[in-house]
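S.K.: Following this message is one structure expressed as structure tokens.
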Amino acid sequence: PEVQVALLSRRIDQLVEHLKGHKHDEHSRLGLIKLVGQRRRHLSYLSKKDPARYKDIVGRLGLRR
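The following block contains the structure:
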């Protein structure tokens with residue numbers, strides 16, 4: 002799950018940068034919302050199954066959780 006979270010985070014960051022310059026791009030915005038939900042589900046699963054790995058990945062990626 003850590004690799005999936007890292008890849009999703011990278012794609013989310015790319016979409017956020019894209020949307021800063023293309024404020025009316027609704028399709029990309031919906032894709033961003035979908036990716037954030039996927040990342041949240043992966044992190045939720047990881048926090049239940051292995052809290053130590055969860056804390057490690059959150060710290061490494063600099064997520065707010």
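Heads up, the sequence shown is in our numbering, so the first residue is 2 and it goes up one at a time.
Ideal Cβ positions, reconstructed from N, Cα and C, are used throughout, including at glycine.
Source: prediction; values computed, not measured.
(1) Applying the 10 Å Cβ sphere with the 16-neighbour rule, what's the burial state of Ser10?
(2) Is it buried or exposed, Val6, if we count other Cβ atoms within 10 angstroms and call 16 or more buried?
(3) Pick helix, strand or coil for Arg11, following the three-state DSSP scheme.
(4) Which of the three DSSP states is assigned to Pro52 in this structure?
(5) For a quick check, are the C-beta atoms of Arg54 and Leu47 less than 9 angstroms apart?
M.R.: Looking at the atomic coordinates:
(1) Position 9 of the sequence shown, counted from the first residue, corresponds to residue 10. Classification of Ser10: buried, given that the 10 Å Cβ count is 16 or more.
(2) Locating residue 6 in the sequence shown gives position 5, where the first residue counts as 1. It counts as buried.
(3) Translated into the one-based positions of the sequence shown, residue 11 becomes position 10. When DSSP states are grouped into helix, strand and coil, Arg11 belongs to the helix group.
(4) Here residue 52 is taken as the residue at index 51 of the sequence shown, counted from 1. Note: Pro52 maps to helix in three-state DSSP.
(5) Start at 1 with the first residue of the sequence shown, and residue 54 comes out as number 53. Start at 1 with the first residue of the sequence shown, and residue 47 comes out as number 46. Taking 9 angstroms as the Cβ cut-off, Arg54 and Leu47 qualify as a contacting pair.
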